Amino acid sequence: MIARSQRERLLEAAVRVVARKGYAATTVADLTKEAGISRTTFYEMFDDKEVCFLAAYDAAVEALVRRVTAAFEVEEGWPSRTRAGLEALLEALSEEPELARLALVGVAAAGPAAQRRYRAALQRLTPLFDEGRDFAPGGRSLPANTSRMAIGAVAGLISDELAENGADELPKLLSDLLFATLVPYIGPAAAAREVGETSR
Amino acid sequence: MATDTRRDLILAAMIRVVGTKGYRETSVADVIEEAGTSRTTFYKHFEDKHECFLAAYEMLVDRVLAEVSTNCNGEQSWLERVENGLATLVKLFALDPELARTAVVEVAAAGAEARQLHWNAIARFTEFLEGGREMADGRELPENISLMSAGAVSGLIFDELLAGRAAQLPAQLPDLLFAMLVPYIGPRAAAEEMRRVADAR
Chain A
-16 MIARSQRERL LEAAVRVVAR KGYAATTVAD LTKEAGISRT TFYEMFDDKE
34 VCFLAAYDAA VEALVRRVTA AFEVEEGWPS RTRAGLEALL EALSEEPELA
84 RLALVGVAAA GPAAQRRYRA ALQRLTPLFD EGRDFAPGGR SLPANTSRMA
134 IGAVAGLISD ELAENGADEL PKLLSDLLFA TLVPYIGPAA AAREVGETSR
Chain B
5 MATDTRRDLI LAAMIRVVGT KGYRETSVAD VIEEAGTSRT TFYKHFEDKH
55 ECFLAAYEML VDRVLAEVST NCNGEQSWLE RVENGLATLV KLFALDPELA
105 RTAVVEVAAA GAEARQLHWN AIARFTEFLE GGREMADGRE LPENISLMSA
155 GAVSGLIFDE LLAGRAAQLP AQLPDLLFAM LVPYIGPRAA AEEMRRVADA
205 R
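Just so you know, the sequences run in chain order A and B.
Residue numbering for the first sequence is -16 to 183, as defined by our numbering.
Residue numbering for the second sequence is 5 to 205, as defined by our numbering.
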């Protein structure tokens, strides 16, 4: 359907332009030019730049969550599953460094609605972390916020790296991310062992 | 000096306005009005909104850390210091939601230099966590371990502030403590501390 592929083109264009120019400097004209659509068509789909950007953000998050979850579910045993998911996450972010930086670092400059989207995006990964509650002895009595906080640790490490050094060395974060994810559930000794064992 | 006092008023006003309207929506006019000062005075001290914000943020951080170090000292055990430090932080944030929002949420919207100030503040705050390495019985802990704890804690605080729940932050202290301690002492010991703090409330 022409309408759907126009929307997809526009969302992809939005991600490219905003990653390049920053959110504030991006205009609707930039978006329509990059997507090869008319202004009229733009306003048939979206009320304004912000609504378009949020839709683009949601679409990118959706694709990322699917990819991470797929990698997670291939493996057996929660630590291995977690490792695969985190590896896929780092790979995906490395493939699109501008988008990664925008999604984790630059999003705050796009206003409170975008910040909320970012927090909601992080929470999409909660089920992957919550599996630790079943895996770990006594895991069921851990605080309900454990997965939320572990995701916060992971996001913090990735954001710091992106802000400091871009995406070039993201893959080297894997061990630390894995440790941060496992440690609230199985403790530092077991987490360190798993990180050592599952590294290839 | 009179001009220093006016500078402080402007900085305090910046924190209040940004903590209410957000960094993006804040204008120099807003800050001037809140501070009860003039445009001339503002521009005598600051180039623009951005520079004023950076100065305000540094003042905010010094204030928070001064409060934290008042309640944490070298004579306390590591556990006590972590607990007192976190408790001071959430109490401050609960009492001053605008300061909290500026410190944790809006700083991310103010550019790379602001982010660097934020990062420095977190590093200073977690300095006293380094005592935790001794708790780990000489085990190899990741370099980044205090960053992990900081990420866990600030993520939860961020969400609560975004939802307008600054006043409820002290209720989250047990969970925050768990997140801070768990990479060093493991979930069982961290949960024990968490329960002790929850029971004492």
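Idealized CB from N, CA, C, for every residue including glycine.
Here the structure is a predicted model, which is why all the values come from computation and not from measurement.
- Residues of chain B whose Cβ lies closer than 7 Å to the Cβ of A/L140 are, in chain order, N148, L151, M152 and G155.
- By the Cβ rule, the segment 169 to 180 of chain B does not count as touching the segment 95 to 110 of chain A, because fewer than three pairs are nearer than 8 Å.
- B/Y27 has its alpha-carbon roughly 20 Å from the corresponding atom of B/V68.
- Using a Cβ distance threshold of 8 Å, B/Y47 and A/P171 do not count as a contacting pair.
- For B/M18, the closest alpha carbon among the candidates B/K53, B/V65 and B/P101 is that of B/K53.
- For B/S153, the closest C-alpha among the options B/A116, B/Q120, B/L165 and B/A194 is that of B/A194.
- Relative to the Cα of A/A174, the nearest Cα in the group B/D163, B/E164 and B/P146 belongs to B/P146.
- When Cβ-Cβ separations below 8 Å define contact, B/E51 makes no contact with chain A.
- Per DSSP, reduced to three states, the secondary structure at B/Q80 is coil, with no helix or strand assignment.
- Neighbours of B/E144 in chain A, taken as residues whose beta carbon is under 7 Å from its own, are A175 in chain order.
- Under the Cβ criterion (8 Å, minimum of three pairs), the segment 57 to 73 of chain A does not count as touching the segment 23 to 41 of chain A.
- Runs of alpha helix (DSSP H) with 4 or more residues, each lying fully within the segment 129 to 180 of chain A, are found at 129 to 148, listed in chain order.
- In its chain, beyond the 5 residues on either side, G115, L125, T129, M132 and A133 have a beta carbon closer than 8 Å to the beta carbon of A/P167.
- In the three-state reduction of the DSSP assignment, B/I19 falls in the helix class.
- Taking C-beta atoms as the reference points, B/V108 and B/I161 count as a pair closer than 8 Å.
- It is roughly 43 Å from the alpha-carbon of A/A96 to the alpha-carbon of B/G78.
- When C-alpha distances from A/E79 are compared across A/L108, A/P120 and A/L47, the shortest belongs to A/L47.
- At a beta-carbon threshold of 8 Å, none of the residues of chain B lie near A/L72; the nearest stands roughly 15 Å away.
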